[in-house]
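Working notes for the structure below.
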Amino acid sequence: MTKIINCAYCNGTGKDPFELLSSFSGCQVCEGTGQNEVEEPSITCVFCAGSGKNPLGARVPCIVCHGKGSNYCKSTKICDLCQGTGKSSDKLPCLRCKGIGFC
Ligand SMILES: [Zn+2]
Ligand SMILES: [Zn+2]
Ligand SMILES: [Zn+2]
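For the sequence shown, my numbering gives the first residue as 1130, with consecutive numbering after it.
Here it is in structure tokens:
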């Protein structure tokens, strides 16, 4: 089952939030549509706090949710390796839950 959500990376505008190429360049995540399809059940991406942007500061989409701001997750058990933060000690996605926070 899938559902359509507003693109987190561009806030549903369909434009590149960082205007890397030009102010007319389209969002690379939703390809300019402003919306993305996500697999259900989904939860807000803890790695980027639902922003869709890479929390490490690079002007690229979140490496866990790929810019969508939410992740497919059918578990409600918080990952005990990262305590649900989705991050490992080196700030990379948790190896056990792959950055989702649940496993
Ligand atoms: Zn977008
Ligand atoms: Zn994310
Ligand atoms: Zn984890």
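Glycine included, every Cβ here is placed at the ideal spot set by N, Cα and C.
Which class does Gln1157 belong to by DSSP, given the choice of helix, strand or coil?
By one-based count along the sequence shown, residue 1157 stands at place 28. Note: Gln1157 maps to coil in three-state DSSP.
Out of Thr1131, Lys1132, Gly1161 and Met1130, which one is the CA nearest neighbour of Gly1141?
Walking along the sequence shown from the start, residue 1141 turns up at place 12. Ranking the options by Cα distance to Gly1141, first place goes to Gly1161.
Quick one: what's got a C-beta closer than 7 angstroms to Lys1206's C-beta in the same chain, skipping five residues either side?
Taking the sequence shown and counting its residues from 1, one reaches residue 1206 at position 77. Same-chain partners within the cutoff: Phe1231 and Cys1232.
Could you check if Asp1219 is buried or exposed, using at least 16 other CB atoms within 10 Å of its CB as the buried criterion?
Within the sequence shown, numbered from 1, the residue matching residue 1219 stands at position 90. Classification of Asp1219: exposed, given that the 10 Å Cβ count is below 16.
Please state if the CB of Gly1181 and the CB of Gly1196 are separated by a distance shorter than 8 angstroms.
The residue given as residue 1196 occupies position 67 in the sequence shown. The residue given as residue 1181 occupies position 52 in the sequence shown. It is a contact, given that the beta carbons lie within the stated cut-off.
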